[in-house]
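Undergrad: Take a look at the following structure, please.
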Amino acid sequence: MFDDLKGKRVLITGSTAGIGLAAALAFAAQGARIGINGRTNGPQTDSIITQLAAKGGEAAFFRADLTQSSECKKLVDDFVARFGGLDVLINNSGGLGGRCKLEDIDDKFYDRVMDLNARSVLMTTKYAIPHLRDSAARSGETVSVISTGSIAAREGGGVGAGIYAASKAWLHDIHRNWVKEFTADNIRFNIVAPGTIDTAFHDDKSDALKASIADSIAMKRFGRIEEVAPAFLFFGSHALSGYITGQILDVNGGQLAP
Ligand code: NAP
Numbered sequence: 001m002f003d004d005l006k007g008k009r010v011l012i013t014g015s016t017a018g019i020g021l022a023a024a025l026a027f028a029a030q031g032a033r034i035g036i037n038g039r040t041n042g043p044q045t046d047s048i049i050t051q052l053a054a055k056g057g058e059a060a061f062f063r064a065d066l067t068q069s070s071e072c073k074k075l076v077d078d079f080v081a082r083f084g085g086l087d088v089l090i091n092n093s094g095g096l097g098g099r100c101k102l103e104d105i106d107d108k109f110y111d112r113v114m115d116l117n118a119r120s121v122l123m124t125t126k127y128a129i130p131h132l133r134d135s136a137a138r139s140g141e142t143v144s145v146i147s148t149g150s151i152a153a154r155e156g157g158g159v160g161a162g163i164y165a166a167s168k169a170w171l172h173d174i175h176r177n178w179v180k181e182f183t184a185d186n187i188r189f190n191i192v193a194p195g196t197i198d199t200a201f202h203d204d205k206s207d208a209l210k211a212s213i214a215d216s217i218a219m220k221r222f223g224r225i226e227e228v229a230p231a232f233l234f235f236g237s238h239a240l241s242g243y244i245t246g247q248i249l250d251v252n253g254g255q256l257a258p
């Protein structure tokens with residue numbers, strides 16, 4: 001049905017586990033060339049590279065802590081040095097960063113959550129733009145930025161997760177701005193907004209809480225990482241979504257219908 005991701009250079013941030021890793025495996029199965037990223041390198045990353053190669057993708061690991069702007073730049077520079085350009089950027093790195101009720105929030109907490117979810121995407125995208133623009137001009141096709149948003153951006157998040165939810169809403173909105181600035185360059189911006197997906201993200205929840213959340217979802221269960229990955233393929237492919245930009249695709253088992 002589509003084969004335009006073969007050989008495409010795809011950088012996926014926060015991809016040594018969870019949703020990002022599943023996306024990497026899906027792109028590998030399409031024959032893409034993939035940059036894997038996380039803060040830690042170890043035997044696990046070698047095994048991921050081997051898994052991706054077995055699926056048909058060429059991959060390399062790039063260590064970077066994207067809460068720091070200098071590391072966002074280094075990540076993009078290192079990826080381009082290795083693969084010669086960039087065709088698809090997936091801003092997936094992010095996380096809760098802890099829970100804090102409003103009256104307990106201080107500057108340190110605010111900065112930690114915003115750096116993790118907002119600064120990381122802002123700066124990685126900023127440094128990626130010249131390479132994406134170049135790729136689009138050479139290929140004559142659109143290229144793609146996809147960021148991982150959240151159901152929390154739509155409904156405000158749980159108690160203590162207000163800054164996290166707001167940081168994801170910030171992402172949902174800044175994409176709309178970037179559509180205005182970069183559509184002339186043939187760069188598309190879309191969001192994949194997961195609902196409640198079974199990853200380490202939910203490790204702080206009790207089994208009882210997980211059961212009650214599952215009960216609130218129309219499909220009565222958490223999503224699986226493999227069920228989110230195809231949404232990234234869809235937005236990454238010019239053949240599948242070349243006329244789609246500025247959109248949010250909710251992957252949430254019916255937990256919320258915006
Ligand atoms: P996860 O399983 O905890 O994986 C997080 C990945 O990001 C890991 O590879 C981690 O590797 C990396 N990472 C964390 N902090 C980083 C940093 N500062 N710089 C670079 N890499 C970093 O999380 P997940 O559930 O798949 O979440 C992925 C994205 O989906 C996040 O943006 C999250 O907010 C969003 N999301 C998740 C859910 C859900 O229900 N799971 C719902 C909505 C949205 P290291 O630890 O080695 O750095």
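Following this note's numbering from start to finish, the sequence shown increments by one per residue and tops out at 258. Using N, Cα and C, we set each Cβ at its ideal position, and we do this for glycine too.
1) State the beta-bridge partners of D4 as determined by DSSP.
2) Looking at T245 and N177, is the spacing between their C-beta atoms short of 8 Å?
3) If I follow the unbroken beta strand (DSSP E) through T148, where does it start and stop?
4) Work out the CA separation of L89 and G98 for me, nearest whole Å.
5) Taking N177 as part of the alpha helix (DSSP H), name the residues at either end of that continuous run.
6) The ligand NAP and R39: does the residue's C-beta get closer than 7 Å to at least one heavy atom of that ligand?
7) Which class does P43 belong to by DSSP, given the choice of helix, strand or coil?
8) Using a threshold of 8 Å, state whether the C-beta atoms of A23 and I12 are closer than that.
9) When you compare each of W170, L233 and A32 to A54 by their alpha carbons, which one comes out closest?
10) Thinking just about the alpha-carbon of each residue, which of V251, T16 and F235 is nearest to the one in S144?
11) Give the DSSP-derived three-state secondary structure of I217 in the structure shown.
TA: Reading from the atomic positions:
1) Paired residue(s): none; D4 is not in a bridge.
2) At least 8 Å separates the beta-carbon of N177 from that of T245.
3) Bounds of the beta strand (DSSP E) holding T148 are V143 to T148.
4) Using only the alpha carbons, I get a separation of about 26 Å.
5) Run containing N177: G162 to F182, per the alpha helix (DSSP H) assignment.
6) Yes; taking the cut-off as 7 Å, the Cβ of R39 has a heavy atom of the ligand NAP nearer than that.
7) Shown here, P43 sits in a helix according to DSSP, grouped into three states.
8) Yes; because the gap between Cβ atoms is below 8 Å, this pair is in contact.
9) Residue A32 is the option with its Cα nearest to A54.
10) Ranking the options by Cα distance to S144, first place goes to F235.
11) In this structure, I217 counts as coil in the three-state DSSP scheme.
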